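Per UniProt numbering, the first sequence starts with residue 1, numbered consecutively.
Using N, Cα and C, we set each Cβ at its ideal position, and we do this for glycine too.
Keep in mind it's a predicted model, so treat the numbers as computed, not measured.
The block underneath contains the structure these notes are about, expressed in structure tokens.
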Amino acid sequence: MNAGGLLGLRKMGRKTWFNDDGMKKGEWTAEEDQKLVAYIHEHGICDWRSLPQRAGLQRCGKSCRLRWLNYLRPGIKRGKFTPQEEEEIIKLHADLGNRWAAIAKQMENRTDNDIKNHWNSCLKKRLSRNGIDPMTHEPIVNNTNQECGSSSTTGSTFSSSPSGSACILNKLAAGISSRQHDLDTIKNIFLDAKITSSDDQDEEQGLKRDQNIDGGGQEDDFLILDDVDISRYMQDTEEMEYETTSYSYDSLLYDSVMSESTDILDHLF
DNA sequence: AATCATGTCAACCGCAGTGCG
DNA sequence: CCGCACTGCGGTTGACATGAT
1 MNAGGLLGLR
11 KMGRKTWFND
21 DGMKKGEWTA
31 EEDQKLVAYI
41 HEHGICDWRS
51 LPQRAGLQRC
61 GKSCRLRWLN
71 YLRPGIKRGK
81 FTPQEEEEII
91 KLHADLGNRW
101 AAIAKQMENR
111 TDNDIKNHWN
121 SCLKKRLSRN
131 GIDPMTHEPI
141 VNNTNQECGS
151 SSTTGSTFSS
161 SPSGSACILN
171 KLAAGISSRQ
181 HDLDTIKNIF
191 LDAKITSSDD
201 QDEEQGLKRD
211 QNIDGGGQED
221 DFLILDDVDI
231 SRYMQDTEEM
241 EYETTSYSYD
251 SLLYDSVMSE
261 STDILDHLF
């Protein structure tokens, strides 16, 4: 195989750097590809950990393995997915879920990474646009919390959509974990939520706040917590003592989160 | 032409599973 | 049974490409 030719298709990926152990990270050069391919052709794959050193590469074994499996391995099919392939992915995903390696095994010469990328960047959105929940592969039921519950990548599926506070938690978690929001933004979210929570929030206000949180209503992946998860959590905590009151889980958790989180934020600032 | 939004894809990280001493 | 090393997997990131405004 002409590794250099492969690289010539498109310059993509990350710039190179060295980690603390002196291991090279980031984009592979044609020379490195050639070294890896030549070594594997001659010696085969035995031990990824020691392979880089023996092949004269300043890479970690994990990086070499990934490069080989996703890029250099013979017979890999690259480029655009055909409509047939896309159909097959959707079908397999409905059966197997996010088990990309299992899906890749069913498809001809496509890597799990390739399939995963195509699903996340294209197919998932396409299904959503067509009113299909990409996780359950069922038609999306139109209700007020649908947006929050329909795009999980956690592999979990739920019979009901998360409630308002669960939505806030989910979106906040997504925002923090993806570093979408800076601390000011997060603080504003809480301050805003605290003010509005004392009023009778109509649906529009809630929606506006949610859109604020998720960065303008764009499609995002959330850590989904629904009321079942939340009540399970509540059972595990002392907060449960309040449960006997007329509070719903929703408002209880909401207040609890608001209180604890604003304390944390106050501490931070 | 410039800017912004979205798409694409290579490569990273962290975690879980497995095998072995 | 336990701890460690290694492998494999899934989720995520980041840089570049491309299209829209």
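Buried is the label assigned to H93, since at least 16 other Cβ atoms lie within 10 Å of its Cβ. Counting along the chain, the unbroken alpha helix (DSSP H) around Y39 starts and ends at 30 to 43.
Beta-bridge partners assigned by DSSP to F81: none are found.
Between I89 and H43 a beta carbon distance of about 35 Å is seen, past the 8 Å cut, so the two are scored as non-contacting.
Between G61 and L72, the beta carbon gap of about 15 Å keeps them out of contact (Cβ cut-off 8 Å). If you look at R65, you'll find it in the alpha helix (DSSP H) that goes 61 to 67. Distance between G97 and R78, taken at the CA atoms: about 23 Å. When DSSP reads this structure, W17 sits in a beta bridge with K25. Ranked by how close their Cα comes to the Cα of E85, the residues D95, A38, N109 have N109 in first place. Here I132 carries a strand assignment [DSSP, helix/strand/coil]. Proximity to L36 across R129, R59, F18, K25 peaks at R59, based on C-alpha coordinates.
Close CB contacts of A55 within its chain, under the 7 Å cut and outside five residues either way in sequence, are with K35, L36, Y39 (chain order).
P139 has I132 as its beta-bridge partners, per DSSP.
Counting only the Cα atoms, G26 lies some 26 Å from F81.
The beta carbons of R65 and W28 sit no closer together than 8 Å.
For S121, the secondary structure class from DSSP, reduced to helix, strand or coil, is helix. Remark: C-beta atoms of T111 and L57 do not approach each other more closely than 8 Å. The DSSP-derived three-state label of R126 is helix. Under the three-state reduction of DSSP, W48 is assigned to coil, being neither helix nor strand. At the C-beta level, W100 and K124 stay beyond 8 Å of one another. In the three-state scheme derived from DSSP, where H, G and I count as helix and E and B as strand, Q58 is classed as coil. DSSP places E108 in the coil class of the three-state scheme, outside both helix and strand. Rounded to whole angstroms, the separation of the alpha carbons of K15 and C122 is 25 Å. DSSP places I76 in the coil class of the three-state scheme, outside both helix and strand.
Within its own chain, the residues whose Cβ lies closer than 8 Å to the Cβ of M107, once the five positions on either side in sequence are excluded, are E85, E88, I89, L92, I115, listed in chain order.
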